[in-house]
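Worksheet: one structure, shown below.
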Amino acid sequence: MSTAIRASSILPGRREDIELHTADGLRLVGELALPADRPPVATLVCLHPLPTHGGMMDSHVFRKAAWRLPALADLAVLRFNTRGTSSMRGTSEGAFDGAVGERYDVAAAIEYAEFAELPNIWLVGWSFGTDLALKYGCDPAIAGAILLSPPLRFSAPEDLATWAASGRPLTALVPEFDDYLRPTEARERFAAVPQAEVVGVPGAKHLWVGDAETVLDEIVRRVNPAVEVPLPTTWDGPMEAGDVSAYADRTVASFADTPVPQPGD
Numbered sequence: 373m374s375t376a377i378r379a380s381s382i383l384p385g386r387r388e389d390i391e392l393h394t395a396d397g398l399r400l401v402g403e404l405a406l407p408a409d410r411p412p413v414a415t416l417v418c419l420h421p422l423p424t425h426g427g428m429m430d431s432h433v434f435r436k437a438a439w440r441l442p443a444l445a446d447l448a449v450l451r452f453n454t455r456g457t458s459s460m461r462g463t464s465e466g467a468f469d470g471a472v473g474e475r476y477d478v479a480a481a482i483e484y485a486e487f488a489e490l491p492n493i494w495l496v497g498w499s500f501g502t503d504l505a506l507k508y509g510c511d512p513a514i515a516g517a518i519l520l521s522p523p524l525r526f527s528a529p530e531d532l533a534t535w536a537a538s539g540r541p542l543t544a545l546v547p548e549f550d551d552y553l554r555p556t557e558a559r560e561r562f563a564a565v566p567q568a569e570v571v572g573v574p575g576a577k578h579l580w581v582g583d584a585e586t587v588l589d590e591i592v593r594r595v596n597p598a599v600e601v602p603l604p605t606t607w608d609g610p611m612e613a614g615d616v617s618a619y620a621d622r623t624v625a626s627f628a629d630t631p632v633p634q635p636g637d
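If you count by the working numbering, then the sequence shown holds residues 373 to 637, one letter each, in order.
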């Protein structure tokens, strides 16, 4: 009998706790989720929202990606806490560094994915994580990047120029009612990257509450186009339930009515 896939649903997969080691000597905690009984077709390396405002590897879109996409889309999902960030998985060493020292965190995640011989590696950044992807993610090992709610706060025109020169695919999913950058302005800003695709998402807001399924569909559409979307909303097979109360919508609560700091604040 098919069962509805809910926020707490954990579909079958192989999941293991991992550690990343940065070039400046920090240990970062994370998790790698893989399809249960076959190799992945592609890989998502997830860069989470601003940790000073509740962002972490368990922020709801990334948690749902790790719990669903190995089974529904044959994807590997690597998520981790950047320096100084805590979640149920634990706390990564170091301290938040305003998108400066985090360059080593991004590099460590890419290096891990390469060392593990994970295929077709894509970066998926969300909010602050989009700035990390733009600043530090244009690496030879990366096939492309997907940006969720990019505020373009910490990244600079030269970062967009680097992506433009690379020719690598770059997709920005921009909520209609984003708090920081809305679709019309996003199209103007990303015009500096000829290959960039800006997708406005009607009715959505910065935190994608109620729109996570739309985000996952758009990610899969680009990373594994052989999979039909929209993804199934039911599952015929074993399913576990995660404790979503442990997260208490931390990101949502922390971002409420709180401005994102500017570089140098």
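Ideal Cβ placement from N, Cα and C applies to all residues, glycine included.
How is H425 classed by DSSP in three states: helix, strand or coil?
H425 carries a helical assignment under DSSP once its states are collapsed to helix, strand and coil.
Residue of R455, P574 and A513 minimising C-alpha distance to Y476:
R455
Sorted by chain position, which residues of the same chain lie with C-beta nearer than 7 Å to F468's C-beta, five sequence neighbours on each side aside?
P423, T424, R455 and G456
If you run the structure through DSSP and keep just helix, strand and coil, what is D477?
helix
Within 10 Å of its beta-carbon, does P421 have 16 or more other beta-carbons around it, so buried, or fewer, so exposed?
With 16 or more other CB atoms across the displayed protein chains lying within 10 angstroms of its CB, P421 is buried.
Nearest neighbour of V478, chosen from V449, C418, G427 and S459 [CA to CA]
C418
Between the region 391-406 and the region 425-438, are three or more C-beta pairs nearer than 8 Å?
yes
By how many angstroms is the C-alpha of V565 removed from the C-alpha of C510?
13 Å
Taking the beta strand (DSSP E) that I493 belongs to, which residues open and close that run?
I493 to W498
Look at the Cβ atom of D430, then the Cβ atom of S464, and state whether they are nearer than 7 Å.
no
Count Cβ pairs between the region 545-562 and the region 480-497 that sit closer than 8 Å; are there 3 or more?
no
Supposed close pair D503, S527 - CB separation, criterion 8 Å:
5 Å
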